[in-house]
Amino acid sequence: MSFRWSFGRRRASAPPIDRATIAHLDDFVTSRRGVEAFLEPQTTMARPSLLLVAADGEWTRRSIESPAWGRQFAGRHALPLYDAAVVGYPQRMRDFNARQKGRRVAE
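According to our numbering, the stretch in the sequence shown is residues 775 to 881, in order.
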């Protein structure tokens with residue numbers, strides 16, 4: 775059994791994002807007001823992701839190929855962009871989740 779060091783080697787590039795994902799993100803931005811973008815870093819288990827949060831707290835998250843792609847997407851739509859690992863998640867998102875959870879219990 776041989777052991778290989780991978781220091782300095784480039785990782786294989788992530789596959790490009792499919793059209794359905796791009797269409798979903800575009801639709802979310804254009805159909806809601808006050809949308810902000812949050813970049814979530816890559817982990818050992820997941821690719822980097824882009825979280826979009828509307829003014830009312832509604833949100834969507836999708837995996838993206840790289841943080842650079844997320845910055846380009848936010849720039850193309852003139853969205854404020856934040857690093858989720860630095861600033862955290864907005865309170866309105868947590869409030870939205872609590873309201874949704876309350877609706878499911880009441881039904």
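Using N, Cα and C, we set each Cβ at its ideal position, and we do this for glycine too.
If you're wondering where the values come from, they're calculated on a predicted model, not measured in any experiment.
Report buried or exposed for residue 844, applying the criterion of at least 16 other Cβ atoms within 10 angstroms of its Cβ. buried
Identify the continuous beta strand (DSSP E) that holds residue 857 and give its terminal residues. 855 to 857
Tell me which residue opens and which closes the alpha helix (DSSP H) that residue 829 is part of. Counting along the chain, residue 829 falls outside any alpha helix (DSSP H), and DSSP gives it neither H nor E.
Name the two residues that bound the continuous beta strand (DSSP E) containing residue 811. 810 to 814
Neighbourhood of residue 823 by C-beta, 7 Å cutoff - its chain only, sequence neighbours within 5 removed: 814, 835, 836, 837, 838
Any 3 or more C-beta pairs closer than 8 Å across the region 791 to 798 and the region 826 to 833: no
How many Å lie between residue 827 and residue 790 at the Cα? 23 Å
Among 821, 849, 801, which one has its Cα closest to the Cα of residue 840? 821
Leaving out five residues on either side along the sequence, give the residues of the same chain with a beta carbon under 7 Å from the beta carbon of residue 816. 822
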